[in-house]
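The sequence shown begins at 1 in this note's numbering and counts up by one.
The structure appears below as structure tokens.
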Amino acid sequence: MPKCSVIIPNFNHSQYLEQRINSILTQTFDDYEIIILDDASSDNSRTIIEKYRNQPRITEIIYNSENTKNPFLQWKKGIEKAKGKWIWIAESDDYANTDFLKTAFEAVNKFPDIGFFYSDSLYDTNSGHGYRYRNSAAFKNDFFKTQKWSEDYYISGKEEFNFCLKFICTIINTSSTVIRKEQLLKVTDNITNFRYYGDWYAFANIAFYSSIYYSSKPLNICRMHHHNFLAGTNSIEGKKEYFQILNCFVNFKFVTNKNTLIAFFTREFIGFGLFHDGIKHGYNIFRSYFSINKLLTIKVLIFLIWQKLTFKKRRIIY
Numbered sequence: 001m002p003k004c005s006v007i008i009p010n011f012n013h014s015q016y017l018e019q020r021i022n023s024i025l026t027q028t029f030d031d032y033e034i035i036i037l038d039d040a041s042s043d044n045s046r047t048i049i050e051k052y053r054n055q056p057r058i059t060e061i062i063y064n065s066e067n068t069k070n071p072f073l074q075w076k077k078g079i080e081k082a083k084g085k086w087i088w089i090a091e092s093d094d095y096a097n098t099d100f101l102k103t104a105f106e107a108v109n110k111f112p113d114i115g116f117f118y119s120d121s122l123y124d125t126n127s128g129h130g131y132r133y134r135n136s137a138a139f140k141n142d143f144f145k146t147q148k149w150s151e152d153y154y155i156s157g158k159e160e161f162n163f164c165l166k167f168i169c170t171i172i173n174t175s176s177t178v179i180r181k182e183q184l185l186k187v188t189d190n191i192t193n194f195r196y197y198g199d200w201y202a203f204a205n206i207a208f209y210s211s212i213y214y215s216s217k218p219l220n221i222c223r224m225h226h227h228n229f230l231a232g233t234n235s236i237e238g239k240k241e242y243f244q245i246l247n248c249f250v251n252f253k254f255v256t257n258k259n260t261l262i263a264f265f266t267r268e269f270i271g272f273g274l275f276h277d278g279i280k281h282g283y284n285i286f287r288s289y290f291s292i293n294k295l296l297t298i299k300v301l302i303f304l305i306w307q308k309l310t311f312k313k314r315r316i317i318y
């Protein structure tokens, strides 16, 4: 039985697939299997995948006949197929340093209570998508006014959550993580209720029950391009998912400074502008919130009015 199951969920990333798969096959850690899940790609992904059909590390290749329009359904399928105790969801448009798994399992062996390992990520902007940071550590250090992500650390998940993970998903790229399967199985049913931000929900919930190890080595390379799944985020649906996450977070027993968190989400993720978005759009957004949590919606509306009156502006996060 392999120690790690590497899941490659793919949709129309044929131009990146070979580099993705090869960056896994050349890992210096060798106790793993590969599961490839193609979500009804319309490009030549199948041709690329079939080149690896007889590669002994590839234990499953599954083609969907119809696109799910939800990456977390593919996560769930891969996790349920996985034989390993640890999961690496290696997104098909990213690639990795050859020591990624080696570094991850050195951390796992040293700190057996961790729920997930993650590393710094470099941003590959060669596809023409400009970005002002070279790596994820630089962005997070700047955003939180710290040097936290400049060095390795081991930390309680609850402490990590209250410092940063409740405000933004500081695990910016899922490909940078190796996650304990036992913990992932606890959240797989719920993450399929999300289309865009199920990863944030998953990492926050896993943080309840475990510790986290971070490597400051940039072992993951995240490709920045205009065809990223989140580039097509629907405004109302995306804001509704952010509200679902906020609703989850404010109900955590150990969360601190709930009003600060609600105000932050209102300003950065779930508010709207009367002139930019329009009254009808704002009404539809708040109606979707109301269906989830009426009291929280009222609190958000109060914070939104206060922020408009005091000219509080949102920050550019991603």
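We put the CB at the ideal spot given by N, CA and C, even for glycine.
Sorting Arg57, Glu50 and Ile35 by C-alpha distance to the C-alpha of Ile79 places Ile35 at the top. Distance from the Cα of Ser42 is smallest, within the candidate group Asn67, Cys222 and Arg20, for Asn67. Judged by DSSP secondary structure, Leu296 falls within the alpha helix (DSSP H) whose first and last residues are Lys294 to Leu309. For the pair Ile7 and Ser175, the Cα-to-Cα distance works out to about 10 Å. Glu241 is a Cβ neighbour of Phe194, given a cutoff of 8 Å.
Taken atom to atom, the span from the alpha-carbon of Thr297 to that of Ile236 is near 15 Å.
Thr28 and Ala104 have their alpha carbons spaced roughly 11 Å apart. The three-state secondary structure of Lys166, taken from DSSP, is coil. The segment 133-142 makes contact with the segment 160-173, as at least three CB pairs between them are under 8 Å. Around Val178, the same chain offers Trp86, Trp88, Ala104 and Phe117 as residues with beta carbons nearer than 6 Å, after the five sequence neighbours per side are excluded. Here Lys3 really is in contact with Gly84; their C-beta atoms are around 6 Å apart, less than 8 Å. The beta carbon of Glu182 lies closer than 8 Å to those of Lys85 in the same chain, with the five residues before and after it left out.
Nearest in C-alpha terms to Ser92, of all of Trp306, Arg180 and Glu18, is Glu18. Looking at the backbone, the Cα of Asn247 and that of Pro218 are separated by about 33 Å.
Bounds of the alpha helix (DSSP H) holding Asn109 are Phe100 to Lys110.
Burial state of Gln74 is buried, judged by a 10 Å Cβ sphere holding 16 or more other Cβ atoms.
Rounded to the nearest angstrom, the gap between the Cα atoms of Phe249 and Lys158 is 12 Å. When beta bridges are read from the DSSP output, Leu37 appears opposite Pro9 and Ile62.
Rounded to the nearest whole angstrom, the C-alpha separation of Thr310 and Arg267 is 12 Å.
Taken through DSSP and simplified to helix, strand or coil, Phe117 comes out as strand. Looking only at Ser45, Asp31 and Asp30, the smallest Cα-Cα distance to Leu37 is reached by Ser45.
Looking at the backbone, the Cα of Ser156 and that of Lys51 are separated by about 43 Å. In this structure, the CA atom of Ala96 is about 41 Å from the CA atom of Leu304.
With respect to Ser23, Ile48 sits apart: the two C-beta atoms are not nearer than 8 Å.
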